[in-house]
Every structure is written in structure tokens, then in C-alpha cells.
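3 is the number of the first residue of the sequence shown in our numbering; add one for each residue after it. Even for Gly, the Cβ is constructed at its ideal location relative to N, Cα and C. No experiment lies behind these values; they were computed from the predicted model shown. Below: one structure, written as C-alpha cells.
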Amino acid sequence: MKFLIFLSALLLFVSFSSCKNKDNVVTEEKPEVIESKWEDYKGDYTKKAEFFVRDAGLALKTRLTEAIAKGGFEKAINVCNEVAQKMMDSISTANKVQIKRTSIKFRNTKNAPDQNDLAMLSAYDKLQKEGKPLASDGIELENRMVKLYVPIMTDKLCLNCHGVIGKDIKPKVYELIKKLYPNDEAVGYKEGEMRGVWVVQMEK
Ligand code: HEC
Numbered sequence: 003m004k005f006l007i008f009l010s011a012l013l014l015f016v017s018f019s020s021c022k023n024k025d026n027v028v029t030e031e032k033p034e035v036i037e038s039k040w041e042d043y044k045g046d047y048t049k050k051a052e053f054f055v056r057d058a059g060l061a062l063k064t065r066l067t068e069a070i071a072k073g074g075f076e077k078a079i080n081v082c083n084e085v086a087q088k089m090m091d092s093i094s095t096a097n098k099v100q101i102k103r104t105s106i107k108f109r110n111t112k113n114a115p116d117q118n119d120l121a122m123l124s125a126y127d128k129l130q131k132e133g134k135p136l137a138s139d140g141i142e143l144e145n146r147m148v149k150l151y152v153p154i155m156t157d158k159l160c161l162n163c164h165g166v167i168g169k170d171i172k173p174k175v176y177e178l179i180k181k182l183y184p185n186d187e188a189v190g191y192k193e194g195e196m197r198g199v200w201v202v203q204m205e206k
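The structure is reproduced here in C-alpha cells:
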């Protein structure tokens, strides 16, 4: 009995002292907290976002060109409408990211910018007006999320559906667009102008 009491006392002492030791170690070796700034690692996320966007952009343009060749711009509207959304959804699911397109002057109200998007789009707009180059950019969100922005530039092909109505866009084509998107604002663009941005949201 005595031995048992001694043993449990010993065990208690050992566990207590090791606990104390552990505590000491933790406090002594507590690593210094170094706050890494978003600017320091933004580049890595930007590269990742540009990679996804290149895939999505290429796939979209291929489908668009194919559809135009087959059925003209009237048929191709469907590519931008349904196919684009499905394509972005599948790329998003496969890579555990969220990809969307947005713009200040949007065609589909589902693509409307949120508060953060609007701030970034306005900053890009200002840069464009000053004649400065537009590069990918990003922001940190709460909940360990980041949001990357990649500008989408307008080329000749785009003007057929986003240029000047009656000049670049055939009235018949615009009639169809207006039917699908009564509140369309995505017209009047010139070649080389920013049409909008890709938005890639991912976990940090
Ligand atoms: C055949 C017509 C057509 C052509 C050509 C076209 N688009 Fe679009 N675009 C649309 C339609 C329709 C939508 C709406 C898609 C949706 O419902 O999400 C759209 C939407 C967009 C959006 C999403 C924001 C918004 O306004 O809703 C961007 C960005 C965009 N287009 C860029 C381009 C660029 C860049 C090109 C040239 C490479 C291009 N488009 C060529 C018809 C076209």
C-alpha cells in the first residue's frame, strides 16, 4: 500500500513536472511572430490566377470562334451565354477556386461587380485613362481567402458583340442580345480597351 502511494505520488510529480517543463519550453521557444505583408506573397497567387484564367480564356475563345464559323454571331451569343458559365463552373470545381468575369458596364446582371470588384475596376479605369499599363492585381479577404484580378482586353473579334451598335454590331445581332439581356450595358468598346476583369477567388 505504502509502495502504491509512493508510486502514484511519484507519477503525479513526474507528470506535473513534465507539464511544467512543457509549459516552460513553449514560453521560452515561442517563435517571434513575423507578419508577412500581402505584397510579399501576392505574386504567387497572381501567377496561379493567371494560369487558370489563361485556360478559361483560351477555351472560351476557341468555342466562340468555332461557333461564329458555324452559325455566325447570332449563334455565338449562346457560347458567351451558357457555355461560358458552364466552362467557368467546371474549371472552378476542378481547381477548388471560383472564377468569374465582371465589368463596370456588364451585359449579364449575374456578372455585376461587388464592392471589392468595383474598387478594383475603378482603379483599372483610372490607370487606363492615364495611359498606364494594366497588370494583374489582388486583395486579401477575410476567412483566409484571396481575390485576384486579371484585366480582359478587347480585340477586333469582341467588337462584333461589344462594339458600337450599328457600326461594329449588326442590328440583327443586337436585337438578339437585347432580347436575352434587356439591361445590357456592355457596348461601345474600342479595340485594345479593357472590357472587364477575370476574378479568381481562392483559399490562402
Ligand atoms: C457573339 C457575341 C460575343 C462576342 C463575339 C464576345 N462576347 Fe463577350 N459577352 C457576350 C454575351 C452574350 C455576354 C453575356 C454572358 C453571360 O450571360 O454571362 C458576354 C459577356 C462578357 C463578359 C462578362 C461581363 C458582362 O458584360 O456580363 C466579358 C468580360 C466579355 N463578354 C468579354 C468579351 C471579350 C473580351 C470578347 C472578345 C474576345 C467577347 N466578350 C466577345 C457576347 C459576346
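Taking the alpha-carbon positions, what's the H164 to P184 distance? Straight-line spacing of the CA atoms in H164 and P184 works out to 15 Å.
Any heavy atom of ligand 3 closer than 8 Å to the Cβ of R65? Questions concerning ligand 3 fall outside what the structure shown contains, since the ligands it does hold are ligand 1.
Quick check: I101 and W200, are their CB atoms within less than 9 Å of each other? Contact: yes.
Please classify E193: is it buried, with 16 or more other beta-carbons within 10 angstroms of its beta-carbon, or exposed? It counts as exposed.
Whole alpha helix (DSSP H) runs in the stretch 118-203 with 4 or more residues, listed along the chain? With a minimum length of 4 residues, the continuous alpha helix (DSSP H) runs that stay inside the stretch 118-203 are 158-164 and 173-182.
Provide the residue span of the alpha helix (DSSP H) that contains R65, from first to last. First-last of the alpha helix (DSSP H) with R65: W40 to N80.
Which residues mark the beginning and the end of the alpha helix (DSSP H) in which T95 is found? For T95, the uninterrupted alpha helix (DSSP H) segment begins and ends at A86 to N97.
Spatially closest choice to T111 from S38, I167, K180 and V202, by CA coordinates: Nearest of S38, I167, K180 and V202 to T111, Cα basis: K180.
If distances are taken between C-alpha atoms only, which option among G59, F53, V189 and K149 comes closest to G168? Out of G59, F53, V189 and K149, V189 has the C-alpha closest to the C-alpha of G168.
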